[in-house]
Structure formats: C-alpha cells, structure tokens
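Peer 1: Numbering (our numbering) for the sequence shown: 302 to 377.
Beta carbons are placed, not taken as given, at the ideal position from N, Cα and C, and that holds for glycine.
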Amino acid sequence: MNAVQLKMARVAAGWGVRELAKAAGVTANTVTRIEKGADAKQSTMDALQKALEARQMKFVNADEWSGVMIKQGDET
C-alpha cells in the first residue's frame, strides 16, 4: 500500500483521517504524514491496511499499476 492508495481507500471507506487513525490505533498526524508521502514503520502500514481491509478495501499492485478495489454488496 502506498500513500495514494491509503488516501483513496480512506475516502472510499467514508472515513476522515481521525476515524482511520482510531481504527488503526495510530495518531491522525501519522495518517496525514503518510498520505503526504512520509515514510512509516511497516507495523504502522500493516495496521492501516488491516483497518481498511475490514471496510472491504483491497489493495492492488501489478507491474506499474496500483489501486484500490471495493467489495460490492457488503456495507460495513
């Protein structure tokens, strides 16, 4: 998951920075910094990804393409 995917998934999930931060157990400042391209610990990225995957987000990375897919039909 990269910074662009993080922000795309957060917005698609209907979360603000604070909501994602709370769900992932990190600070809102951490989320903002990562979305702006700052480096983060792998454990932080894993926590953010896990929180977003619980909202039916899937992160896709293939060759030079990356994106976010949203599972349809399961509103959480």
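For Arg334, collect the residues of the same chain with a Cβ closer than 8 Å to its Cβ; drop the 5 residues on either side in sequence, then sort them by chain order.
Peer 2: Closer than 8 Å at Cβ, skipping near neighbours: Ala341.
Peer 1: When the Cα atoms are used, what is the spatial distance from Ala324 to Ser367?
Peer 2: So the alpha carbons of these two residues sit roughly 24 Å apart.
Peer 1: Quick one: give me the first and last residue of the beta strand (DSSP E) that Lys359 is part of.
Peer 2: That run of the beta strand (DSSP E) goes 358-363.
Peer 1: Compute the Euclidean distance between the alpha carbons of Gly338 and Gly374, then round it to the nearest angstrom.
Peer 2: For Gly338 and Gly374, the distance between alpha carbons rounds to 32 Å.
Peer 1: Assuming Leu349 and Ala314 are in contact, meaning their beta carbons sit under 8 Å apart, how far apart are those beta carbons, in whole angstroms?
Peer 2: Their Cβ separation, rounded to whole angstroms, is 11 Å, which puts Leu349 and Ala314 out of contact at 8 Å.
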